[in-house]
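Novice:
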Amino acid sequence: MSGEVFEVPAALAASAFIDNDKYLELYKRSIEDPDGFWASMAGRLDWIKPFTRVKNASYDPHHVSIRWYEDGILNAAYNCVDRHADRTPDKVAILWEGDDPAEQRAITYRELQEEVCRFANVLKEAGVRRGDRVTIYLPMIPEAAFAMLAAARIGAVHSVVFAGFSPDSLAGRIRDAGSSLVITADEGIRGGRKVSLKANVDAALEKCPGVSKVLVVRRTGKAVAMQDGRDVYYDDAARGVASDCPVSPMGAEDPLFILYTSGSTGSPKGVLHTTGGYLVYASLTHQWVFDCHEDDIYWCTADVGWVTGHSYVLYGPLANGATTLMFEGVPSHPNPSRFWEVIDRHKVTIFYTAPTAIRSLMAHGEEAVKSTSRASLRILGTVGEPINPEAWLWYHRVVGDGRCPIVDTWWQTETGGILITPLPGATRLKPGSATRPFFGVEPAIVDALGNVLEGATEGNLVLLSSWPGQMRTVYGDHDRFVQTYFSTYKGMYFTGDGARRDEDGYYWITGRVDDVINVAGHRMGTAEVESALVAHPKVAEAAVVGYPHDIKGQGIYAYVTLMEGETPTDTLATELTQWVRKEIGPIASPDKIQFAVGLPKTRSGKIMRRILRKIAEDDFGSLGDTSTLADPSVVTDLIDHRQNRH
Ligand code: WTA
1 MSGEVFEVPA ALAASAFIDN DKYLELYKRS IEDPDGFWAS MAGRLDWIKP FTRVKNASYD
61 PHHVSIRWYE DGILNAAYNC VDRHADRTPD KVAILWEGDD PAEQRAITYR ELQEEVCRFA
121 NVLKEAGVRR GDRVTIYLPM IPEAAFAMLA AARIGAVHSV VFAGFSPDSL AGRIRDAGSS
181 LVITADEGIR GGRKVSLKAN VDAALEKCPG VSKVLVVRRT GKAVAMQDGR DVYYDDAARG
241 VASDCPVSPM GAEDPLFILY TSGSTGSPKG VLHTTGGYLV YASLTHQWVF DCHEDDIYWC
301 TADVGWVTGH SYVLYGPLAN GATTLMFEGV PSHPNPSRFW EVIDRHKVTI FYTAPTAIRS
361 LMAHGEEAVK STSRASLRIL GTVGEPINPE AWLWYHRVVG DGRCPIVDTW WQTETGGILI
421 TPLPGATRLK PGSATRPFFG VEPAIVDALG NVLEGATEGN LVLLSSWPGQ MRTVYGDHDR
481 FVQTYFSTYK GMYFTGDGAR RDEDGYYWIT GRVDDVINVA GHRMGTAEVE SALVAHPKVA
541 EAAVVGYPHD IKGQGIYAYV TLMEGETPTD TLATELTQWV RKEIGPIASP DKIQFAVGLP
601 KTRSGKIMRR ILRKIAEDDF GSLGDTSTLA DPSVVTDLID HRQNRH
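Using UniProt numbering, the letters of the sequence shown map in sequence onto residues 1 to 646.
Here it is, written out as structure tokens:
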């Protein structure tokens, strides 16, 4: 591990929003007087009616309730669009770069306002009302942003489903949200390959009787099946509507969006975020964590199908009136210099991506980076999974030419925004550490019993108090919200992550301690992959664990036992991999499948995942006590047939 420390560049300390003295002073204030701190921070938004109450949150498991600015009234789309359209109408709001480098669009705030209003009017014409849920299944095209902001404008709740998910996954999310309208495109394009989005929607809707309208954005122009009375092309609908549309005044605690995310158990949860607190938090963190000023060109490579795309492609930057770059493609197409070429073409100054992308580009060698200028860059960021010091140092030295601080931002879909992170003008950096808490954030490390550990230590990461961007509930299932996050440790929010704190008080996130894995920066529940596998007629049982993967961070390792009479073959392994792709989506494809005669179970029938994890890591020397297993001999078979020999 690198012990190097990187000092704050002096010029940056002088020019940044926050230097170290300001960090220490404001952090103290934010913890001692959360109401005062967050009341003043909320002044960055335009409120239709100001709030009189700031924080009102209880983590008591008997009545978990989280409310911020509860009597305030505002509109998120107004804050992200209209107020900038008035002040800086000609500033570029969204810089779009297509999958094909020849395709570019620059949308000013004035144009964004018109596009959002039109989209909002189309939604209204289609019968969407305040509080209705609208499912969005779109590629990374500007219409995805228009659609999200249009929903927010009229008080509808968007539920964006990543366009890489299968029809089945989409159907589950549409039904859970109770959407009657779905927005999609004819096709998507990624890395030169077409993705048949409309066909996926058609397949999903066979299981969603509640959907009565589908809006289809033309992306490739391919003729797709259109169902009479249900399906309408967006451009046809948009021709007939006005280009202005009033904003709906929304309560600060009215829902803004639902976003499904994987957990330890069960189907994905609908994480619910509301309007006021979420937007204050996304906007403040975006400005201070990335030190984003008026002239910056900011690029976050995340897809809007994930929370990073919500908070740091769309809501945070637009609430701040920034220029946000939206990229449809992938890092390696048409060549592995693509990211750096985009940076040079648009003079990107702030760049935010995932460790998995950095590691995969590292594998292409330095020349693909060094052949580009990147002189415009001033700040780099990462998110989604722990970054190993080697990748951090490469990002710093090769991509940033040793000049640009890296903000390693730790947060979750549930947290709405960044919670533990360096600030570029304030924080000395240690490669691999997310460093210190953001303002108002009170992390702690606890042992298995929930005792708060002091000083340099290691354990499970919890948060002791609420911050404005926190999720409010699991959509339609408040009990699950309480159970998942507030029942493990009384009075604390449990993150599901493990962490170490060093002698400087810096946090080092060590990864999930539950049955969630982070595969190439995408969050996946092992239970979801297991239930996809056991749905295959030849599979009897399946157990899925993560294992260390050089590029993806974690890979998916599946142990499978077959039905009586079935033979394990390579062909069947490939068939099962394809099956999971089809059931959930390509991001869930197992990297390794091991056929097993049996799974290690306790006498009461519980699968001992600890053993499976060790074997998948090729580290079976220390399996611990296996004498409690119902059939200890299965372990020998598992070790003999492991798929991950070093
Ligand atoms: C992991 C993504 C280490 C962590 C914003 C968390 C990280 C999960 C980091 C949430 C980081 C995210 N360092 N681990 N900087 N950022 N994680 O909901 O395990 O897709 O719990 O949100 O990603 O993933 P999610």
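Glycine residues also receive a C-beta, built at the ideal position from the N, C-alpha and C atoms.
Please read all numbers here as calculations on a predicted model, not as lab measurements.
With Thr-356 as the anchor, note down where its alpha helix (DSSP H) starts and where it stops.
Specialist: Counting from 1 along the sequence shown, the entry for residue 356 is found at position 356. Segment 355 to 362, the alpha helix (DSSP H) holding Thr-356.
Novice: Report all residues from its chain with a CB closer than 6 Å to the CB of Ala-150; omit the five preceding and five following residues, and keep chain order.
Specialist: Against the sequence shown, residue 150 aligns to sequence position 150. Only Val-116, Phe-119, Ala-120, Leu-123 meet the Cβ criterion.
Novice: Using the Cβ count rule (16 or more neighbours within 10 Å means buried), how would you classify Ala-106?
Specialist: The residue given as residue 106 occupies position 106 in the sequence shown. By the 10 Å Cβ count, Ala-106 comes out exposed.
Novice: With 16 as the cutoff for other CB atoms within 10 Å, does Leu-449 come out buried or exposed?
Specialist: On the sequence shown, residue 449 is found 449 positions in, with the first residue counted as 1. Under this definition Leu-449 is an exposed residue.
Novice: Is Ala-282 near ligand 1, with its Cβ less than 7 Å from a heavy atom?
Specialist: Locating residue 282 in the sequence shown gives position 282, where the first residue counts as 1. It does not: the Cβ of Ala-282 is nowhere closer than 7 Å to a heavy atom of ligand 1.
Novice: Tell me whether Gln-412 counts as near ligand 1, meaning its Cβ is closer than 7 Å to at least one heavy atom of that ligand.
Specialist: Position 412 of the sequence shown, counted from the first residue, corresponds to residue 412. True, at least one ligand heavy atom lies under 7 Å from that Cβ.
Novice: Please return the same chain residues whose Cβ sits closer than 6 Å to the Cβ of Phe-339, not counting the five positions on each side in sequence.
Specialist: As a first step, residue 339 must be located in the sequence shown, where it is residue number 339. These residues qualify, in order along the chain: Pro-331.
Novice: Taking 7 Å as the cut-off, is the C-beta of Asp-176 nearer than that to any heavy atom in ligand 1?
Specialist: As a first step, residue 176 is located in the sequence shown; it is residue number 176 there, counting from the start. It does not: the Cβ of Asp-176 is nowhere closer than 7 Å to a heavy atom of ligand 1.
Novice: Report the CB separation of Tyr-69 from Gly-316 in whole angstroms; it is logged as a contact under 8 Å.
Specialist: Along the sequence shown, one-based indexing puts residue 69 at 69. Along the sequence shown, one-based indexing puts residue 316 at 316. At roughly 17 Å, the Cβ-Cβ gap does not stay under 8 Å, so Tyr-69 and Gly-316 are not in contact.
Novice: With DSSP collapsed to three states, give me the class of Met-1.
Specialist: One-based indexing of the sequence shown puts residue 1 at position 1. With a pLDDT of only 48 at Met-1, under the threshold of 50, the placement of this residue in the model should not be trusted; the figure read from the coordinates follows. In the structure shown, Met-1 sits in coil (DSSP, three-state: anything other than H, G, I, E or B).
Novice: Given 7 Å as the limit, tell me if Ile-509 has its C-beta closer than that to any heavy atom belonging to ligand 1.
Specialist: As a position in the sequence shown, residue 509 is number 509, starting the count at 1. Yes, the beta carbon of Ile-509 sits closer than 7 Å to at least one heavy atom of ligand 1.
Novice: Under 7 Å: does the beta carbon of Val-634 sit that close to some heavy atom of ligand 1?
Specialist: Counted from its first residue, the sequence shown places residue 634 at position 634. Val-634: no, Cβ never under 7 Å from ligand 1.
Novice: Taking 8 Å as the limit between beta carbons, can you name the residues of its chain near Met-1, skipping five residues before and five after?
Specialist: In the sequence shown, residue 1 corresponds to position 1, counting from 1. A caution first: Met-1 carries a pLDDT of 48, below 50, which makes its placement in the model too unreliable to give a value.
Novice: One question on the structure: do Val-182 and Tyr-233 come within less than 8 Å of each other, judged by their Cβ atoms?
Specialist: What you label residue 182 is simply residue 182 of the sequence shown in a count that begins at 1. What you label residue 233 is simply residue 233 of the sequence shown in a count that begins at 1. Not closer than 8 Å, so no.
Novice: Beta-carbon separation of Gly-329 and Asp-186 under 8 Å?
Specialist: Walking along the sequence shown from the start, residue 329 turns up at place 329. Walking along the sequence shown from the start, residue 186 turns up at place 186. No, they are not a contact pair.
Novice: Going by the beta-carbon positions, is the gap between Ile-593 and Pro-600 smaller than 8 Å?
Specialist: Within the sequence shown, residue 593 is the residue found at index 593, counting from 1. Within the sequence shown, residue 600 is the residue found at index 600, counting from 1. Result no, Cβ atoms of Ile-593 and Pro-600 do not sit closer than 8 Å.
Novice: Below 6 Å CB to CB, which residues in the same chain sit around Lys-49 once its five sequence neighbours on both sides are set aside?
Specialist: Taking the sequence shown and counting its residues from 1, the one referred to as residue 49 is at position 49. Answer for Lys-49: Ile-73, listed in chain order.
Novice: Give the range of the alpha helix (DSSP H) segment to which residue 717 is assigned.
Specialist: Lying before the first or after the last residue shown, residue 717 is absent from the chain, which here runs from 1 to 646.
Novice: Excluding five sequence neighbours on each side, which residues of the same chain lie with their C-beta closer than 6 Å to the C-beta of Gly-555?
Specialist: Here residue 555 refers to the residue found at position 555 of the sequence shown. For Gly-555, where only same-chain residues beyond five positions count, the Cβ hits under 6 Å are Tyr-547, His-549, Asp-591.
Novice: Determine the burial state of Leu-279: buried for a count of at least 16 other Cβ atoms within 10 Å of its Cβ, exposed for fewer.
Specialist: In the sequence shown, counting from the first residue as 1, residue 279 sits at position 279. Buried, by the Cβ-count rule.
Novice: If the criterion is Cβ atoms closer than 8 Å, does the pair Leu-112 and Asn-79 meet it?
Specialist: Taking the sequence shown and counting its residues from 1, the one referred to as residue 112 is at position 112. Taking the sequence shown and counting its residues from 1, the one referred to as residue 79 is at position 79. For Leu-112 and Asn-79, no; Cβs fall outside 8 Å.
Novice: Hey, would you say the C-beta of Trp-467 is under 7 Å away from at least one heavy atom of ligand 1?
Specialist: Residue 467 sits at position 467 when you count from the first residue of the sequence shown. Trp-467 Cβ: outside cutoff for every heavy atom of ligand 1.
Novice: Pick helix, strand or coil for Trp-467, following the three-state DSSP scheme.
Specialist: Here residue 467 refers to the residue found at position 467 of the sequence shown. Here Trp-467 sits in coil by DSSP.
Novice: Pairing CB atoms from the stretch 392 to 405 with CB atoms from the stretch 466 to 483, are three or more of them under 8 Å?
Specialist: As far as the Cβ criterion goes, the stretch 392 to 405 does not touch the stretch 466 to 483, which means the pair count is below three.
Novice: Assuming Ala-444 and Val-462 are in contact, meaning their beta carbons sit under 8 Å apart, how far apart are those beta carbons, in whole angstroms?
Specialist: To locate residue 444, count along the sequence shown from 1; it is residue 444. To locate residue 462, count along the sequence shown from 1; it is residue 462. The Cβ separation is near 5 Å, so the contact holds.
Novice: Output the boundary residues of the beta strand (DSSP E) element that contains Gly-381.
Specialist: Position 381 of the sequence shown, counted from the first residue, corresponds to residue 381. Per DSSP, Gly-381 belongs to the beta strand (DSSP E) from 379 to 383.
Novice: Please list the terminal residues of the continuous alpha helix (DSSP H) segment that includes Trp-392.
Specialist: In the sequence shown, the residue the question calls residue 392 occupies position 392. Per DSSP, Trp-392 belongs to the alpha helix (DSSP H) from 389 to 394.
Novice: Using the Cα positions of Asp-618 and Glu-385, report the straight-line distance between them to the nearest angstrom.
Specialist: If you number the sequence shown from 1, residue 618 lands on position 618. If you number the sequence shown from 1, residue 385 lands on position 385. Cα to Cα, Asp-618 sits roughly 22 Å from Glu-385.
Novice: Specify, as a first and last residue, the run of the alpha helix (DSSP H) that Val-122 falls within.
Specialist: In the sequence shown, counting from the first residue as 1, residue 122 sits at position 122. Counting along the chain, the alpha helix (DSSP H) containing Val-122 begins and ends at 109 to 125.
Novice: What does the Cβ neighbour count give for Arg-87, buried or exposed, with the cut at 16 atoms within 10 Å?
Specialist: As a position in the sequence shown, residue 87 is number 87, starting the count at 1. Answer is exposed; the Cβ neighbour count stays below 16.
Novice: Run through the stretch 476 to 559 for me and flag every whole beta strand (DSSP E) of 3 or more residues, listed as ranges in chain order.
Specialist: Runs found: 493 to 501, 507 to 512, 516 to 519, 522 to 525, 539 to 549.
Novice: Given 7 Å as the limit, tell me if Asp-497 has its C-beta closer than that to any heavy atom belonging to ligand 1.
Specialist: In the sequence shown, the residue the question calls residue 497 occupies position 497. Asp-497 Cβ: within cutoff of ligand 1.
Novice: Taking 7 Å as the cut-off, is the beta-carbon of Trp-306 closer than that to any non-hydrogen atom of ligand 1?
Specialist: Counted from its first residue, the sequence shown places residue 306 at position 306. Answer for Trp-306: yes, Cβ within range of ligand 1.
Novice: If I follow the unbroken alpha helix (DSSP H) through Ser-633, where does it start and stop?
Specialist: For the purposes of this step, residue 633 is taken as residue 633 along the sequence shown, with counting starting at 1. Looking at the DSSP string, the run of the alpha helix (DSSP H) that includes Ser-633 is 633 to 640.
Novice: Ligand 1 and Gly-381: does any heavy atom of the ligand fall closer than 7 Å to the residue's C-beta?
Specialist: To locate residue 381, count along the sequence shown from 1; it is residue 381. No, the beta carbon of Gly-381 sits no closer than 7 Å to any heavy atom of ligand 1.
Novice: Write down the C-beta distance between Thr-349 and Ser-376 rounded to the nearest angstrom, noting that I regard them as a contact closer than 8 Å.
Specialist: Within the sequence shown, the letter at position 349 stands for residue 349. Within the sequence shown, the letter at position 376 stands for residue 376. The Cβ separation is near 5 Å, so the contact holds.
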